[in-house]
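Sequential numbering from 45 applies to the sequence shown in the working numbering.
Notes to accompany the following structure.
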Amino acid sequence: MTVQNIRFHPPTDELIVLDQTLLPHEERYVTIETLEQAEHAIETLQVRGAPAIAYFGAFVLAKEAGRLVDDPDFTRRLDLVGRRLIATRPTAVNLQNVIESLLDLNVGDDFEAIAEEIKRRAIALYDRDVDTYRAIGEHALTVLPAGGNVLTICNAGAIATSRYGTALAPFYVGKERGVSFNVFACETRPLLQGARLTVWELDRADIDVTLITDNMAAWTIQSKRVDAIIVGADRITRTGHVANKIGTLQLAVLAKHYGIPFYVAAPHSTFDLTADDTIEIEERNPSEVTHIGGHPTAPVGITVFNPAFDVTTPNLITGLITEAGVFEPTEAAITHHVGGTIHV
């Protein structure tokens with residue numbers, strides 16, 4: 045029913061990922077053999093989604109640790125690998141949380157034991173988080189109206205996590221329980237993750253989904269009587285500010301205008317309790333805006349502003365949905381529910 049987007053095979057440490065840049069036209073898996081290939085896979089969005097990037101980074105770190113066990117400079121070189129991985133996507137905090145947690149194991153001089161423990165933790169994280177995303181789906185079902193019309197943006201589904209997804213989790217869990225929804229998916233310019241990925245995976249799972257362009261959102265909410273909006277997140281601060289795919293903020297503003305709930309679904313690993321409302325926003329290549337499918341759609345040399353994310357303020361958010369439940373986006377609630385600790 046869902047797609048396995050990352051495959052890690054010990055003891056050979058073979059790492060294979062679904063190349064999401066080719067979807068929906070081609071379902072191709074690529075083998076990642078070097079750190080440079082891994083960096084390229086993240087930067088070009090072959091592998092994407094904040095949770096999936098974190099698992100991928102963990103497996104890459106495990107591969108590199110195994111490769112470096114005979115290097116007397118193991119500790120420094122493995123730390124450098126971790127820093128390089130974190131630098132590939134500065135806004136999504138899951139990758140940083142996971143890599144830093146695994147690097148904390150890099151102590152002592154038994155390099156082989158360290159490498160084995162990093163690998164064990166990486167595999168355990170991936171396996172455990174299947175339950176995490178199912179729990180998010182279960183909690184989301186308690187606040188979304190069964191049979192309702194629900195709008196989403198970008199792709200926070202199975203191919204962005206280990207399974208089920210975050211914002212799409214209630215649709216998958218609902219399908220298993222016989223609870224249906226009418227999903228409206230924004231196309232998500234400029235890279236069309238909604239059109240290429242969300243629509244592809246929901247249709248593949250036989251879940252009712254309708255594609256709209258991003259500038260149809262307001263009219264769709266009004267004319268189709270959308271009941272709720274649910275999105276994922278790349279970083280949630282202790283003050284309840286949410287960084288997510290560009291276009292999320294305008295949906296939150298529309299939800300407030302139309303008086304419908306706006307939910308953010310994310311695991312605890314997406315929370316950054318060291319941050320407030322200051323979040324580094326990645327700006328990407330202008331060609332993503334000036335071209336579609338490699339074909340130019342704008343004048344040559346035109347100035348482009350291409351932020352990959354925006355930040356939604358807590359006053360626009362109805363609730364945060366995590367594996368622990370649904371709670372308000374206040375600093376006190378977040379500190380209580382997340383507890384300041386990311387367990388890996």
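Here a beta-carbon is modelled for each residue, glycine too, at the ideal position from N, C-alpha and C.
- Fully contained in the segment 203–256 are the following beta strand (DSSP E) runs of length 3 or more, in chain order: 226–230 and 253–256.
- Between the segment 65–73 and the segment 94–105, the count of C-beta pairs closer than 8 Å stays below three; the two stretches do not touch.
- Around the Cβ of L246, a 10 Å sphere holds 16 or more other Cβ atoms; the residue is buried.
- Here V243 is buried: its Cβ has 16 or more other Cβ atoms, across all protein chains shown, within 10 Å.
- Taking C-alpha positions only, E156 is separated from L169 by approximately 20 Å.
- Cβ-Cβ separation between G93 and I167: approximately 19 Å, too far for a contact (criterion under 8 Å).
- Beta-bridge annotation (DSSP): D316 is paired with T281.
- Short of 7 Å from the beta carbon of E324, and not among the five residues preceding or following it, lie these beta carbons of its own chain, in chain order: P134 and T135.
- In the DSSP assignment, T292 falls within the unbroken alpha helix (DSSP H) covering T292 to Y302.
- Under the DSSP assignment, F118 falls in the alpha helix (DSSP H) whose first and last residues are F118 to A131.
- The way I'd put it, the segment 366–378 does touch the segment 305–319; three or more beta-carbon pairs between them come closer than 8 Å.
- Every unbroken stretch of the beta strand (DSSP E) spanning 3 or more residues and falling wholly within the segment 45–108 is given here in chain order: 50–53, 58–62 and 73–76.
- Taking 9 Å as the cut-off, the beta carbon of L188 is found closer than this to the beta carbon of I274.
- Judged by beta-carbon spacing, A106 lies within the 9 Å limit of K163, meaning their Cβ atoms are closer than that value.
- For F225, the CB contacts under 8 Å within the same chain, skipping 5 residues up- and downstream, are L188, A190, G191, G192, N193, V194, P214, F215, G218, I251 and D252 in chain order.
- When rounded, the separation of the alpha-carbon atoms in A296 and N288 is 11 Å.
- For K289, the enclosing beta strand (DSSP E) covers residues V286 to K289.
- Distances from the alpha-carbon of V174 to those of T205, E83, P54 and F228 put T205 closest.
- Going by beta carbons, P351 and I290 fall inside the 9 Å limit.
- G181 sits in a helix when the DSSP states are folded into three classes.
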